[in-house]
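Below is one structure; the comments refer to it alone.
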């Protein structure tokens with residue numbers, strides 16, 4: 029951590045900062061320039077963050093040198109994390125496709141979607157039983173009944189299930205049914221939920237918050253890993269910008285950036301990322317070319333009848349065409365949607 | 029709701045949309061132009077939102093006419109909502125000052141802050157017992173012990189307490205101690221929490237999410253009101269933008285916009301809004317001039333010793349000066365910080 | 029255009045709006061609901077935009093039905109625009125690579141870069157003679173001397189040149205040398221410059237502004253086309269968001285969106301889009317997979333000696349590896365970097 | 029400037045960076061930690077920016093210590109800059125009101141507006157003769173004829189004129205008529221224009237770009253000052269964010285931030301900042317309370333007949349009411365709209 033003092037600080041003020049750094053066990057490295065003094069704090073940056081130096085009027089600013097995350101970082105673990113889920117492998121040479129309806133509506137609907145997407149190449153079934161909705165008057169999901177439907181469809185198709193968990197007290201319930209626990213964008217900083225998931229031994233798919241920086245996203249993953257659960261899959265799903273033609277702006281550059289900073293796998297959700305089925309196929313191909321370890325795509329047997337997010341859902345036919353394209357792009361990078 | 033069809037849609041396609049609107053009980057109003065047909069859906073817009081018309085390839089876009097919120101709207105209730113808390117009045121001629129430390133650290137700290145801010149003009153004591161922190165390694169709050177400290181300080185000072193509740197299962201615990209239940213920015217769309225707060229008969233202070241539109245913010249308030257709790261206080265606390273010199277960008281125009289759309293009171297939190305004690309006094313004055321019904325300000329007896337957010341905390345002395353200025357600005361608008 | 033009246037508007041007020049619409053030659057279509065009246069204006073939306081109805085207190089809002097652009101739209105021209113430049117084809121089956129240094133520094137530097145990128149697969153040489161720089165103290169470009177260097181390198185390599193023009197009075201000078209006239213992001217709404225370029229018979233590469241919506245970007249292209257120049261190439265180069273790990277956020281979803289709305293070709297500049305050479309190769313592949321008609325990449329023989337933007341420049345060796353990858357991705361979509 | 033090396037850099041790599049710093053005349057200060065080496069570059073940071081160290085693969089990041097601006101900074105000039113224009117004083121105890129129509133349409137219109145706003149308390153007349161418009165089909169201004177109208181109205185009213193100049197070649201023409209040269213948001217980084225204005229001896233009102241950081245805005249002012257013209261007035265006019273209820277998000281915290289960093293006066297334009305006449309009065313009061321040295325407000329005799337931006341224009345009556353409020357707020361801070 030570098031502490032930049034304001035111009036014309038006195039020696040006593042510099043000493044005061046140095047003293048406080050030493051008190052918490054940090055080394056101090058002074059660099060006295062012509063106009064200002066810069067103080068290097070040597071040791072754990074976390075300690076500097078906690079002692080409130082910014083509140084001192086003669087401190088101009090504080091510059092962090094290291095990233096605040098540890099367990100998620102590539103410095104902590106150099107090789108890629110690879111997780112096995114059912115007969116899929118996330119983080120290696122497979123591009124894992126997760127597909128299915130936004131919301132679980134009925135067993136027929138889920139089964140039809142599951143059989144369709146499986147035949148096309150998807151390996152994991154997605155479907156929401158608990159739905160976070162902007163309006164209190166919108167359909168809120170079938171809850172446990174929805175989880176049971178997903179489980180029955182898993183039995184019939186052999187597809188592992190990824191589904192959202194919305195609060196820490198539902199973690200054990202959802203964990204009974206789900207193969208991957210999904211944390212939605214709005215819950216990325218629900219720290220109680222993250223801590224509860226840290227106690228599980230089950231993969232967690234952590235969506236990036238609508239306005240979360242990459243650093244905050246990785247810190248959310250750090251919460252889960254700090255609790256002991258090492259199986260975190262990151263999911264880019266679009267960030268909020270001024271552009272209104274797309275529901276969100278899918279930040280594909282997050283894929284190489286995260287892979288540089290962290291050993292965790294990253295997948296991409298172009299359905300929420302764009303909010304419009306028209307742009308989903310292009311962005312699926314682009315995500316794989318950017319290095320994504322997988323895709324999450326909304327597919328509905330009759331999108332125009334969907335109770336939720338029909339506008340961004342693909343039909344099974346369109347998803348099938350998309351899979352063919354995605355497989356070819358994956359092959360360019362020595363990967364495949366089949367394990 | 030206006031449904032805009034793509035150019036060259038056939039009559040059958042128009043009929044198909046009209047049919048689906050009629051099926052859910054909506055009136056249909058066709059406007060056939062030279063190039064395209066526009067369909068007006070007459071009745072409850074919510075119904076249109078739910079039937080997934082955007083998924084139809086011949087639908088270009090859907091334009092809402094009305095706002096999606098009801099109970100929070102000025103169309104529903106024309107006169108301002110005014111709530112009495114202790115001997116304060118929020119939403120009327122009083123500019124209510126809520127002040128205190130970011131986090132409860134000890135009884136001495138809270139008491140010293142409380143006595144200081146009360147003498148300066150604050151009427152409500154703020155202090156966090158449960159702290160949402162970006163890093164799992166940061167101080168997470170004293171939890172129930174913190175609530176007890178707040179309660180003891182209330183006894184000694186007579187100041188009502190506003191404190192954060194972070195999940196639905198703590199609502200009853202926090203409600204035992206708090207006079208106002210605070211929902212943090214990261215929880216603005218924690219719908220379970222909102223629903224639980226809807227069952228209370230106690231004011232809720234709902235902070236705007238970091239990237240929440242005003243519409244989403246009002247929809248979050250709608251969740252609480254739809255549950256039966258009419259006492260919602262909105263709190264603008266800065267939104268996320270590209271600017272990095274301030275922690276967030278305080279959106280003061282949200283104050284008149286919300287007051288136009290809704291009857292609910294709005295307060296402003298310039299401490300989080302700017303993230304730097306230097307800009308807090310100016311933005312407090314500006315917020316009151318913009319029409320805010322109150323302010324929430326972080327004050328710490330020794331900001332440079334604070335366990336949390338010291339950089340944005342004022343000393344009691346600086347807060348006292350600020351109160352004098354704020355009172356003069358309030359007077360311009362026929363208001364006062366004293367009830 | 030749909031004019032939504034405020035609740036409880038009188039018949040006279042509705043009549044007043046209708047009258048003004050009729051006065052400018054528009055058709056009027058009333059839809060009187062239980063709570064509010066909606067007025068459809070039939071005819072040229074431009075006329076509605078110009079008569080200032082939003083200033084009337086009883087007008088709630090005005091909703092456009094059609095896009096404000098014409099000549100750039102797919103409704104105006106259904107098939108893709110394809111432009112021939114030298115022996116390249118932009119907008120068809122070729123993925124055109126434009127590469128070279130950010131700034132022209134010397135003939136040796138440009139020639140070395142040109143020979144390198146040409147051997148790797150680039151078809152067009154980029155290089156800046158006029159440089160827009162945030163600081164008045166930074167290197168501002170070699171100006172005409174730089175253009176002459178580019179022309180000499182074109183002679184030696186046969187590569188057409190794309191270079192930036194910064195104001196309308198330099199258009200004729202730059203046009204003497206350049207094969208493609210580049211408009212930088214900061215000039216996207218320099219309307220005088222756009223109008224001057226509209227008089228040329230030479231391709232214009234129009235970069236998206238840092239905070240330009242897709243609609244504004246297409247309107248800027250409309251300025252050029254309205255002047256008579258039909259050869260506009262759009263270039264996505266990242267937009268400004270809250271994320272700080274990348275210089276900008278490259279909005280690849282803009283590629284399919286623009287291709288849906290317009291017949292113009294779209295290329296992508298991942299060098300400015302990310303600001304870091306590390307992320308450029310991934311984003312090049314992603315851009316082509318998203319459907320881009322070409323790429324613009326900064327390549328410098330010695331990036332660490334560059335007078336401008338060294339941090340985002342690739343070496344020739346890294347660019348050569350990238351071309352091999354990009355070609356494979358292009359092939360998946362039936363395209364090639366070779367014509 | 030602090031250069032942070034990647035983990036496990038070799039001594040030779042550190043030496044290579046140190047060598048390059050010394051070559052341009054900078055001092056070098058090594059801090060070798062357990063995991064990484066940090067290099068402090070002592071001297072002019074500009075030199076570090078120019079030598080492209082970020083392109084070296086073993087350089088992790090470069091952290092600036094000082095601000096890149098000089099002449100505009102408070103470190104350069106401690107006391108506030110105060111400019112006299114006509115009988116107004118900008119930057120001192122006067123809150124200068126600039127008001128008038130968005131676009132000059134006719135002498136009658138401008139004169140009526142001028143007489144109205146002058147009577148209400150405005151001291152400077154605003155009006156656009158050159159209009160930057162998003163659409164090529166919109167009204168583009170009366171150009172020189174508009175300037176002549178402004179000059180005639182100045183004669184009749186005694187009010188100095190502020191009007192926009194859109195390119196460097198019109199600077200001398202506009203300077204013949206204008207008392208203050210306005211640079212629009214879209215031209216904030218039109219560096220040719222800034223340089224030309226730097227040669228004048230006349231105040232320049234520099235609007236903040238739609239997505240300009242405060243640092244970039246001050247760097248634009250630095251361009252003008254570096255040319256020799258010290259009379260720069262900054263104007264906050266809203267930045268682009270995700271919020272759609274207001275045309276832009278007026279960033280009032282920019283006022284105290286700029287006043288901390290710079291000695292230049294700052295005014296606020298709530299008309300463009302919000303885009304809706306309804307929010308203008310509140311935001312005018314808020315801007316003055318935040319410390320603004322003046323306001324720029326659009327006033328039109330018949331807003332609903334305006335050829336440009338009618339939606340955000342106030343009537344003379346509304347502006348008169350606003351002035352009374354603004355004066356009271358100014359008085360709280362020992363200021364007045366009358367000189």
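Protein chains in written order, with our numbering: chain R, 29 to 367; chain X, 29 to 367; chain U, 29 to 367; chain C, 29 to 367.
Positions of the beta carbon are idealized from the N, C-alpha and C atoms, including for glycine.
Predicted model only: the values in this text are computed from it and were never measured.
For the region 103-120 of chain C, enumerate the residues whose C-beta is nearer than 8 Å to any C-beta of chain U, in chain order. Per Cβ criterion, the list is empty.
With DSSP as the reference, identify every bridge partner of residue 111 of chain R, one or two as the case may be. R:118
Taking the C-alpha atoms as reference points, what is the distance between residue 215 of chain X and residue 30 of chain C? 37 Å
For residue 321 of chain R and residue 128 of chain U, the rounded distance between their alpha carbons: The alpha-carbon of residue 128 of chain U is positioned some 32 Å away from that of residue 321 of chain R.
Determine the extent of the beta strand (DSSP E) in which residue 324 of chain C is found, giving its start and end residues. From DSSP, the beta strand (DSSP E) with residue 324 of chain C extends over 322-326.
Do you know how far the Cα of residue 257 of chain R is from the Cα of residue 306 of chain U? 30 Å
Chain C residues whose Cβ lies nearer than 8 Å to that of residue 242 of chain X: 271, 273
Of the listed residues U:359, U:238, U:82, U:200, nearest to residue 341 of chain C (C-alpha basis): U:82
So, using beta-carbon positions, are residue 385 of chain X and residue 265 of chain X closer together than 9 Å? A query on residue 385 of chain X cannot be resolved here, the shown segment of chain X reaching from 29 to 367 and no further.
Would you mind telling me which residues of chain R sit closer than 8 Å to residue 201 of chain X, beta carbon to beta carbon, in chain order? In chain order: nothing, as chain R lies at least about 13 Å away.
So residue 283 of chain C is in the beta strand (DSSP E); what residue range does that whole segment cover? Residue 283 of chain C -> not in any beta strand (DSSP E); alpha helix (DSSP H) instead, spanning 282-289.
Listed by chain order, chain U residues near residue 350 of chain C by CB distance under 7 Å: Near residue 350 of chain C there are no residues of chain U at all, since even the closest Cβ is about 16 Å away, more than 7 Å.
Might you give, ordered along the chain, the residues of its own chain that have their beta carbon closer than 7 Å to the beta carbon of residue 311 of chain R, omitting 5 neighbours on each side? The residues 278, 298, 301, 302, in chain order, have a CB closer than 7 Å to that of residue 311 of chain R in the same chain once the five nearest residues on each side in sequence are set aside.
State buried or exposed for residue 85 of chain X, treating a residue as buried only when at least 16 other CB atoms are found within 10 Å of its CB. exposed
Give me the residue from U:104, U:188, U:208 with the minimum Cα distance to residue 254 of chain U. When each option's Cα is compared against that of residue 254 of chain U, the closest is U:104.
Beta-bridge pairing of residue 260 of chain U - partner residues as DSSP gives them: U:232
Hey, is residue 216 of chain R's beta-carbon within less than 9 Å of any beta-carbon in chain U? Chain U contact via Cβ: absent.
If we cut at 9 Å on Cβ distances, does residue 94 of chain X have a partner in chain U? yes
At a CB-CB cut-off below 7 Å, which residues of chain R make contact with residue 197 of chain X? 197
For residue 299 of chain X and chain C, any beta-carbon pair shorter than 9 Å? no
DSSP state of residue 105 of chain R mapped onto helix, strand, coil: In this structure, residue 105 of chain R counts as coil in the three-state DSSP scheme.
Give me the Cα-Cα distance between residue 179 of chain C and residue 209 of chain C, rounded to the nearest whole angstrom. 14 Å
Using the three-state DSSP reduction, which class does residue 95 of chain R fall into: helix, strand or coil? coil
Using CA coordinates, which residue listed in R:106, R:126, R:101 is at the minimum distance from residue 113 of chain R? R:126
What does the Cβ neighbour count give for residue 349 of chain U, buried or exposed, with the cut at 16 atoms within 10 Å? exposed
In whole angstroms, what separates the C-alpha of residue 34 of chain X from that of residue 67 of chain X? 11 Å
Are there three or more Cβ pairs, one per stretch, closer than 8 Å when the region 158-174 of chain C is compared with the region 190-197 of chain C? In short, these stretches touch, since the Cβ pair count reaches three.
Continuous beta strand (DSSP E) stretch holding residue 33 of chain U: start and end: 30-33
Interface positions of the region 216-237 of chain U facing chain C (Cβ-Cβ less than 9 Å), listed along the chain: 216, 217, 218, 219, 220, 221, 222, 223, 226, 237
Closer than 8 Å by beta-carbon distance: list the chain X residues that pair up with residue 57 of chain U, in chain order. 59
Please compile the residues from chain R whose C-beta is within a distance smaller than 9 Å of the C-beta of residue 267 of chain U. Ordered by position in chain R, the residues that pass the 9 Å Cβ test against residue 267 of chain U are 269, 270, 271, 277.
With a threshold of 9 Å between beta carbons, is residue 290 of chain C in contact with chain U? no
If you run the structure through DSSP and keep just helix, strand and coil, what is residue 368 of chain R? This structure does not reach residue 368 of chain R, given that chain R is present from 29 up to 367, and the question cannot be answered.
Short-range partners of chain R found in the region 67-87 of chain C, where Cβ spacing is below 8 Å: 68, 70
Are residue 115 of chain R and residue 362 of chain R touching if we call contact CB-CB under 9 Å? no
Considering only the alpha carbon of each residue, which of U:220, U:221, U:175, U:184 lies closest to residue 201 of chain U? U:175
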